[in-house]
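Start counting the sequence shown at 1; every next residue gets the next number (the working numbering).
Read the structure below first, then the notes.
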Amino acid sequence: MSEAVLTQPRLVTLEGGEGAGKTSAIAAIRDRLQAAGHEVVLTREPGGTPLAERIRELLLNPQDEALAPETELLLMFASRAQHVREVVRPALRRGAFVVSDRFTDSSYAYQGAGRGLDPEWIAALERRAVGVKPGLTLLLDLDVREGRARTAGRDLWPDRIESEQDDFFERVRAGFRARAAAEPQRFRVIDAAQPPAGVAAAVEAATTAYLRTLTDSDLA
Ligand code: Z5A
């Protein structure tokens, strides 16, 4: 398979820490794209296909046995490889927009910055098993404690990753911000501490501005 990671203008991803508000942000992106007349496929990672959703359960349900960081990374990419082949590429081929709640940037942030795995290894998996990257990534940036306070009480049993300590999530947040700083043309960082209506307005404005940059061949 090709070693290149090709930017796909009609692939849009949403990233951020726990409780950042991705659920309503993704609806705002979908509404804006549909209002502009585009077919939109909403999806998520880990997951997005029946098999990838089973991998998600392995990843998030606490197991009897601790999951090694390397196993966690490889399962994230197993899920992603399946998702890209079964959902993302077919939708892009027929001209739809794909909006994914998390994608490869989460692996760099959680497994790279959070778990301390080598980003070169993640980059090799991205080249070999994924091969596509988004044209637009919206990063919902939020103070770690505020995000965790929003979700506290929601889950009777936090999932395996939610059970990590604040210092893990601080590294994840710094990892996301570093990626956004390194690729300012792809990322839009949105202040997720605003009230929900403010976040939705910022997401909508960023999506509208991005659509204006696309050419006919990007949309074909
Ligand atoms: N993961 C990984 O490690 N590596 C990878 O490669 C990938 C993923 C792809 C599952 O992801 C986990 O997988 C995730 C990263 C890891 N682990 N963690 N942590 P997920 O996206 O399914 O899980 P999540 O990020 O934990 O989802 P979340 O906590 O539900 O976040 P959210 O979707 O952004 O939050 P929300 O449901 O939209 O909102 C949460 C609450 O906050 C809710 O009560 C809202 O009403 C409230 N909220 C939302 N916005 C606001 C504002 N603006 N003000 C006040 N309150 C708000």
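Ideal placement from N, C-alpha and C gives every residue a C-beta, glycine not left out.
Return the CA-CA distance between Ala35 and Ala197, expressed in angstroms with no decimal places.
Going by the C-alpha atoms only, they are around 18 Å apart.
Count the other CB atoms, across all protein chains shown, that sit within 10 Å of the CB of Gly16; report buried if there are 16 or more and exposed otherwise.
When all chains shown are included, Gly16 counts as buried.
Which residues mark the beginning and the end of the alpha helix (DSSP H) in which Ser24 is found?
Per DSSP, Ser24 belongs to the alpha helix (DSSP H) from 22 to 35.
So the candidates are Gln82, Leu73, Val98; which of them puts its Cα closest to the Cα of Ala124?
Looking at the Cα atoms, Leu73 is the closest of the given residues.
Just to check, is the beta-carbon of Val98 closer than 8 Å to a non-hydrogen atom of ligand 1?
No - ligand 1 has no heavy atom lying nearer than 8 Å to the Cβ of Val98.
Check whether the Cβ of Ser107 lies closer than 8 Å to any heavy atom of ligand 1, and answer yes or no.
Under cutoff, so the answer is yes.
According to DSSP, is Pro69 part of a helix, a strand, or is it coil?
Here Pro69 sits in helix by DSSP.
Taking the beta carbon of Arg171 as the centre, do at least 16 other beta carbons fall within 10 Å, making it buried, or is it exposed?
In this structure Arg171 is buried. Its beta-carbon is surrounded by 16 or more other beta-carbon atoms within 10 angstroms.
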